[in-house]
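One structure is given here, and the rest of the page talks about it.
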Amino acid sequence: MEKFKVLITDHIAEEGVKILLDSGDIEVEEKPGISHDELKKIIGNYDAIITRSGTTVTADLLENPGKLKIIGRAGVGLDNVDIEAASKKGIIVMNAPTGNTLAATELTMGMMLAAARKIPAANNSLKNGEWNRKKFMGIQLFNKTLGIVGLGRIGSNVAIRAKSFGMKVVAYDPYIKKSKADSLGVTLLEKLEDLLKISDIITFHTPLTKETKNMITKKEIEMMKDRVILVNCARGGIINENDLYDALKSGKVFTAAIDVFEKEPPKDNKLLELDNLFVTPHIGANTEEGQKGVAVIIAEQIVNALHGKSYMNAVNIPFMKSQLPLDLQVYFELIENIGKLAAQTIKGRPDEIKVTLVGKKFEEDICERTFDTPFSYQPFTIAAIKGFLEVSMQETVSYINAPYFAKDRNINVIESKRDIYDKYNDLLVFEVITDKEKRVIAGTVFNDNEGRIVMFDDFRLDIIPKGTFIYFRNFDRPGVIGKVGTILGSNNINIAGFELARQNGGEAIAFVSVDNKITEEVLDEIKKIDGMIEANVVEI
Ligand SMILES: NC(=O)c1ccc[n+]([C@@H]2O[C@H](COP(=O)([O-])OP(=O)(O)OC[C@H]3O[C@@H](n4cnc5c(N)ncnc54)[C@H](O)[C@@H]3O)[C@@H](O)[C@H]2O)c1
Ligand SMILES: O=C(O)[C@H](O)COP(=O)(O)O
Numbered sequence: 002m003e004k005f006k007v008l009i010t011d012h013i014a015e016e017g018v019k020i021l022l023d024s025g026d027i028e029v030e031e032k033p034g035i036s037h038d039e040l041k042k043i044i045g046n047y048d049a050i051i052t053r054s055g056t057t058v059t060a061d062l063l064e065n066p067g068k069l070k071i072i073g074r075a076g077v078g079l080d081n082v083d084i085e086a087a088s089k090k091g092i093i094v095m096n097a098p099t100g101n102t103l104a105a106t107e108l109t110m111g112m113m114l115a116a117a118r119k120i121p122a123a124n125n126s127l128k129n130g131e132w133n134r135k136k137f138m139g140i141q142l143f144n145k146t147l148g149i150v151g152l153g154r155i156g157s158n159v160a161i162r163a164k165s166f167g168m169k170v171v172a173y174d175p176y177i178k179k180s181k182a183d184s185l186g187v188t189l190l191e192k193l194e195d196l197l198k199i200s201d202i203i204t205f206h207t208p209l210t211k212e213t214k215n216m217i218t219k220k221e222i223e224m225m226k227d228r229v230i231l232v233n234c235a236r237g238g239i240i241n242e243n244d245l246y247d248a249l250k251s252g253k254v255f256t257a258a259i260d261v262f263e264k265e266p267p268k269d270n271k272l273l274e275l276d277n278l279f280v281t282p283h284i285g286a287n288t289e290e291g292q293k294g295v296a297v298i299i300a301e302q303i304v305n306a307l308h309g310k311s312y313m314n315a316v317n318i319p320f321m322k323s324q325l326p327l328d329l330q331v332y333f334e335l336i337e338n339i340g341k342l343a344a345q346t347i348k349g350r351p352d353e354i355k356v357t358l359v360g361k362k363f364e365e366d367i368c369e370r371t372f373d374t375p376f377s378y379q380p381f382t383i384a385a386i387k388g389f390l391e392v393s394m395q396e397t398v399s400y401i402n403a404p405y406f407a408k409d410r411n412i413n414v415i416e417s418k419r420d421i422y423d424k425y426n427d428l429l430v431f432e433v434i435t436d437k438e439k440r441v442i443a444g445t446v447f448n449d450n451e452g453r454i455v456m457f458d459d460f461r462l463d464i465i466p467k468g469t470f471i472y473f474r475n476f477d478r479p480g481v482i483g484k485v486g487t488i489l490g491s492n493n494i495n496i497a498g499f500e501l502a503r504q505n506g507g508e509a510i511a512f513v514s515v516d517n518k519i520t521e522e523v524l525d526e527i528k529k530i531d532g533m534i535e536a537n538v539v540e541i
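So for the sequence shown, the numbering used here puts the first residue at 2; every next one is plus one.
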């Protein structure tokens with residue numbers, strides 16, 4: 002059996018490598034420091050790569066992704082990975098966000114103390130033969146106000162520790178609930194400006210995004226208290242480096258402690274010339290425990306993902322089917338199958354797909370956007386698009402790239418919710434409009450826990466969408482169905498089920514479930530029956 006191949010492009014702890022090797026069917030290659038060009042040449046030979054911030058995974062690397070299925074980040078920050086480019090290629094991007102939280106928290110505490118007491122400068126001074134106690138006058142943390150920008154995992158842990166120092170802690174984070182801040186004893190402020198004005202020390206713990214890049218420039222620094230202390234152990238670029246330089250030089254900022262830089266390593270960076278700036282070379286995650294933590298988490302996730310098992314922390318799949326409640330998993334499969342059915346029974350190029358989630362079951366959103374994606378569809382909509390596109394695109398379409406493919410094809414995707422539809426309390430309705438026609442298919446789940454199609458355009462029926470069917474639409478007159486039966490029988494095709502629906506005096510439709518494969522010839526014979534409007538083979 003061919004083994005999976007995993008390439009590690011940065012240093013990770015050996016505990017993680019061991020987990021990959023112990024799985025028995027994974028080959029591991031370690032190429033720390035591999036160049037971009039070399040990586041581009043070989044990336045397609047691997048099922049997964051494991052990176053840290055030292056590897057930038059750009060769109061051009063993923064142009065020909067070969068068999069690459071997973072980009073695993075042994076750490077938190079994914080600003081070095083083009084997630085959108087990976088998603089378009091159906092590649093899972095995952096990180097290990099909890100492994101290094103305490104490492105970064107503890108470095109932040111150290112940097113805060115270092116900056117308040119100028120410890121690194123005092124250390125250098127003494128080692129250079131000086132004994133200058135007066136020069137190293139610091140600022141006490143007790144009773145000071147600490148402003149935390151980004152109250153996530155690290156921000157929260159910093160808050161807990163800062164409170165034990167007797168600091169007042171305020172935070173700005175527009176994405177967390179007030180109750181979370183309350184539980185930490187932290188005052189959540191409405192505006193960044195409010196935090197800037199009242200904090201004696203400000204520490205940053207946000208990801209680097211369009212919103213947070215240059216979040217702190219000259220303008221924001223001017224709002225701060227004189228002799229403020231700044232700490233950044235999150236990402237370079239959150240504080241504008243030129244403006245920080247000026248503020249440190251003028252003394253507006255007392256000291257700053259920085260672990261991360263706009264460009265790493267920071268070459269010809271004038272910040273490094275300043276005595277009141279203390280720096281470390283992006284070592285926030287560098288504790289034995291932190292490195293073991295991220296390596297083990299990412300390795301376990303990759304082993305599970307490669308073996309088709311459930312895994313955590315994929316940032317470009319907003320949900321995991323296996324993590325949905327069981328009853329919703331049935332709906333999820335149903336809508337995907339409805340998408341497949343629609344694609345096999347409709348003519349023309351799709352312009353619009355609309356998914357309506359009906360009923361209390363679907364009232365609450367079950368997933369949120371986890372990264373800066375243009376889409377925020379619920380899993381059912383993604384499954385519906387995937388099912389529909391899969392018929393023409395086969396396995397190239399996945400839950401990750403389905404929305405991107407729909408967008409590329411100019412298909413307008415609409416998601417809506419309703420309380421009730423027709424006589425149904427819980428229903429998923431799939432509508433597709435092409436340049437030739439419109440189709441509406443709806444399904445629900447009864448007590449037997451089987452997904453069923455109950456509406457097909459204006460027809461009411463009850464079919465379990467699994468297996469091979471002949472779908473046909475005919476004028477509702479005697480003889481048509483008999484002839485279909487005769488053709489199938491004479492071709493040794495066994496009928497497993499038959500569902501018929503009709504409109505008064507008009508047209509009828511039927512889904513004939515069969516045990517054998519339907520050839521083109523058999524389908525042609527059926528299409529030629531007098532009174533037949535259309536006939537198709539549907540495979541679900
Ligand atoms: N220096 C290091 O070696 C090191 C180590 C670990 C993590 N980090 C970095 O630290 C950062 C935080 O990590 P984490 O694990 O706490 O992440 P997290 O996702 O738990 O927390 C980030 C928080 O930032 C908030 N946020 C996002 N945009 C914001 C905005 N515009 N304004 C205010 N808040 C905003 C989010 O709501 C979230 O609560 C990440 O950038 C990560 O890469 C650095
Ligand atoms: O985002 C992270 O996890 C930290 O910045 C650590 O990055 P590193 O794995 O490159 O040390």
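Heads up, the beta-carbon is just placed ideally off N, CA and C, and yes, glycines get one too.
1) Within the continuous alpha helix (DSSP H) that includes residue 327, where are the two ends?
2) Within the structure, which residues are defined as neighbours of ligand 2 by a Cβ-heavy atom distance below 5 Å, reported in chain order?
3) Cα separation between residue 172 and residue 228?
4) Can you give me the start and stop residues for the beta strand (DSSP E) that residue 51 sits inside?
5) DSSP on residue 217, reduced to helix/strand/coil?
6) Going by beta-carbon coordinates alone, are residue 517 and residue 495 separated by less than 8 Å?
7) Kindly indicate which residue of 356, 394, 399 has the alpha-carbon position closest to the one of residue 378.
8) In the DSSP assignment, what residue or residues form a beta bridge with residue 146?
9) For residue 225, which of helix, strand or coil comes out of DSSP?
10) Excluding the five sequence neighbours on either side, which residues of its own chain have a C-beta within less than 7 Å of the C-beta of residue 116, listed in chain order?
11) Please identify the residue among 540, 121, 253, 73 whose C-alpha is closest to the C-alpha of residue 21.
12) Let me check one thing: in DSSP terms, what residues is residue 351 bridge-paired to?
13) Just to confirm, does residue 241 get its C-beta within under 7 Å of one of the non-hydrogen atoms of ligand 1?
14) What residues are listed by DSSP as bridge partners for residue 257?
15) Heavy atom of ligand 1 less than 7 Å from the Cβ of residue 356, yes or no?
16) If contacts are defined as beta-carbon pairs under 8 Å, then residue 299 and residue 51 qualify, I think. What distance do you get, rounded to the angstrom?
17) What three-state label does DSSP hand residue 472 in the structure shown?
18) How about residue 500: is its Cβ closer than 7 Å to a heavy atom in ligand 1?
19) For the beta strand (DSSP E) that residue 22 lies in, which residues bound it at each end?
20) Considering residue 389, what are the terminal residues of the alpha helix (DSSP H) in which it resides?
21) Would you grab the beta carbon distance between residue 474 and residue 510 for me? Rounded to a whole angstrom, and I think it's under 8 Å.
22) Would you please state the rounded distance, in angstroms, between the beta carbons of residue 386 and residue 414? I believe it to be under 8 Å.
23) To the nearest angstrom, report how far apart residue 301 and residue 419 are at their CA atoms.
24) Which word fits residue 283, buried or exposed, when buried means at least 16 other C-beta atoms lie within 10 angstroms of its C-beta?
25) I think residue 87 touches residue 314, with their Cβ atoms under 8 Å apart; what is that distance to the nearest whole Å?
26) Within the present structure, is the beta-carbon of residue 252 separated from the nearest heavy atom of ligand 1 by less than 7 Å?
27) By how many angstroms is the C-alpha of residue 437 removed from the C-alpha of residue 183?
28) Whose C-alpha, out of 155, 31, 25, is nearest the C-alpha of residue 77?
29) What are the boundary residues of the beta strand (DSSP E) that includes residue 262?
30) Taking residue 453 and residue 471 to be in contact with their CB atoms under 8 Å, please state how far apart those CB atoms are, rounded to whole angstroms.
31) Do you know offhand how far residue 118's Cα is from residue 95's?
32) Report yes if the C-beta of residue 98 is less than 7 Å from at least one heavy atom of ligand 1; otherwise report no.
33) What's the C-alpha gap between residue 135 and residue 129?
34) Does residue 422 come out as helix, strand or coil in the three-state DSSP assignment?
35) Using 10 angstroms around the beta-carbon of residue 161, count the other beta-carbons present and answer buried if the total reaches 16, otherwise exposed.
36) Could you pull the DSSP bridge partners for residue 5 from this structure?
So, from the data block:
1) 327-346
2) 53, 54, 76, 77, 78, 286
3) 19 Å
4) 49-52
5) strand
6) yes
7) 356
8) 169
9) coil
10) 230, 232, 256, 257, 258, 279
11) 73
12) 435
13) no
14) 231, 278
15) no
16) 6 Å
17) strand
18) no
19) Where residue 22 is concerned, there is no enclosing beta strand (DSSP E), although the alpha helix (DSSP H) it sits in stretches over 15-23.
20) 380-394
21) 5 Å
22) 6 Å
23) 40 Å
24) buried
25) Actually they do not touch by this definition, with Cβ atoms about 14 Å apart.
26) no
27) 57 Å
28) 155
29) Note, residue 262: premise wrong, no beta strand (DSSP E); not H, not E.
30) That pair is no contact at about 19 Å.
31) 39 Å
32) yes
33) 16 Å
34) strand
35) exposed
36) 27
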